[in-house]
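Residue numbers (the working numbering): 1 to 218.
(1) Please report the Cβ distance between residue 198 and residue 150, rounded to the nearest whole angstrom; I am assuming they are in contact, meaning their Cβ atoms lie under 8 Å.
(2) In this structure, does DSSP put residue 57 in helix, strand or coil?
(3) Residue 22 by DSSP, collapsed to three states: which one?
(4) Could you compute how far the alpha carbon of residue 43 sits from the alpha carbon of residue 200?
(5) Going by DSSP in three states, residue 4 sits in which element: helix, strand or coil?
(6) With DSSP run on the structure shown, which of helix, strand or coil describes residue 66?
(7) Looking only at its chain, what residues have a beta carbon closer than 7 Å to the beta carbon of residue 59, apart from the 5 residues adjacent to it on each side?
(8) Touching or not, the segment 87-105 and the segment 60-76, by the rule of three or more beta carbon pairs under 8 Å?
(9) Based on Cα-Cα distance, which residue from 84, 148, 88, 126 lies nearest to residue 107?
(10) By Cβ distance, which residues of its chain are closer than 8 Å to residue 194, with the 5 residues on each side in sequence left out?
(11) Which residues does DSSP list as the beta-bridge partners of residue 136?
(12) Within this structure, are the beta carbons of residue 66 and residue 92 separated by less than 8 Å?
(13) Establish whether the CB of residue 34 and some CB of chain C are separated by less than 8 Å.
(14) Which of the three DSSP states, helix, strand or coil, is assigned to residue 31?
(15) Would you mind reading off the limits of the alpha helix (DSSP H) that contains residue 183?
(16) What first and last residue would you give for the alpha helix (DSSP H) that runs through residue 82?
(17) Suppose you measure from the CA of residue 115 to the CA of residue 13; what does that come to, to the nearest Å?
(18) Quick one: grab the DSSP three-state call for residue 112.
(19) Of the choices 47, 173, 8, 35, whose alpha-carbon is the least far from that of residue 72?
(20) Can you list, in chain order, the residues of its chain with a C-beta nearer than 6 Å to that of residue 35? Leave out the 5 residues immediately preceding and following it.
(21) Tell me the DSSP secondary structure of residue 93 in three-state form.
(22) To the nearest angstrom, how far is the alpha carbon of residue 95 from that of residue 17?
(23) With a 10 Å radius around its C-beta and 16 neighbouring C-beta atoms as the bar for buried, classify residue 155 as buried or exposed.
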């Protein structure tokens, strides 16, 4: 995937290295050229010095063909502006914004943005959101033999039964959140857009689940 990371602080640099190691094509944008020193000499992606609020800078980064963007600067307002532009103007399918001040959290959510509050695990959380859209890993057993994941139901799955995820034995539904209330899984529940579903899956089947969410086929 082609990914853009805006901000090369601690989280941005950690995130850039993590997604590069997974083989993704990464561009990092920062206004401060010295910030790129955090990436070190072994960074295989591209860097662009500039203000990501500028359309010209985003176009230099190749935003037109980008699959995902993470705005992780130290400014909440910068992250909000860049993330909204990526989502609304450039129609980037997967946009994540980092929030420093929890008081701003609701503003980001109301803007329809995937949001991560700044913390010690922010880079890992954002990496999951960027590289596995719609899927959050909650826990794992053994050497990732089994993984508990949370998925958000996309529009194409609306109206289907929860049992669709149990087909062919690829996943075992554990629970779900409907209208803000958590409950145990029931195969006959009809899915609605935005529902959160917890699934226990084999670690090797996560890509299969991603395909199921995106393509609509088991």
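Built from N, CA and C at the ideal position, the CB exists for glycine as well.
Looking at the atomic coordinates:
(1) With a Cβ gap of about 5 Å, residue 198 and residue 150 count as contacting.
(2) Of the three classes helix, strand and coil, the one that applies to residue 57 here is helix, per DSSP.
(3) In this structure, DSSP gives residue 22 a state outside helix and strand, which the three-state scheme calls coil.
(4) So the alpha carbons of these two residues sit roughly 34 Å apart.
(5) In the structure shown, residue 4 adopts extended strand secondary structure according to DSSP, grouped into three states.
(6) It is coil, neither helix nor strand.
(7) Hits under 7 Å: none found.
(8) They touch, by the three-pair rule.
(9) When only C-alpha atoms are compared, the closest one is 84.
(10) Excluding positions up to five away in sequence, the list reads 152, 153.
(11) BP columns for residue 136 point to 150.
(12) Inclusion of residue 66 and residue 92 in the CB contact set at 8 Å is warranted, their separation being smaller than that value.
(13) Any reference to chain C falls outside this structure, which holds one protein chain only.
(14) It is coil, neither helix nor strand.
(15) In the DSSP assignment, residue 183 falls outside any alpha helix (DSSP H) and lies within the beta strand (DSSP E) extending over 181-184.
(16) For residue 82, the enclosing alpha helix (DSSP H) covers residues 76-84.
(17) Distance between the alpha carbons of residue 115 and residue 13 is about 18 Å.
(18) The answer is coil: DSSP assigns residue 112 none of H, G, I, E or B.
(19) When 47, 173, 8, 35 are compared, the shortest CA-CA separation from residue 72 is found for 8.
(20) These residues qualify, in order along the chain: 8.
(21) Residue 93 sits in coil when the DSSP states are folded into three classes, being neither helix nor strand.
(22) Approximately 18 Å, taken between the alpha carbons.
(23) If you draw a 10 Å sphere on the C-beta of residue 155, you find fewer than 16 other C-beta atoms in it, and that means exposed.
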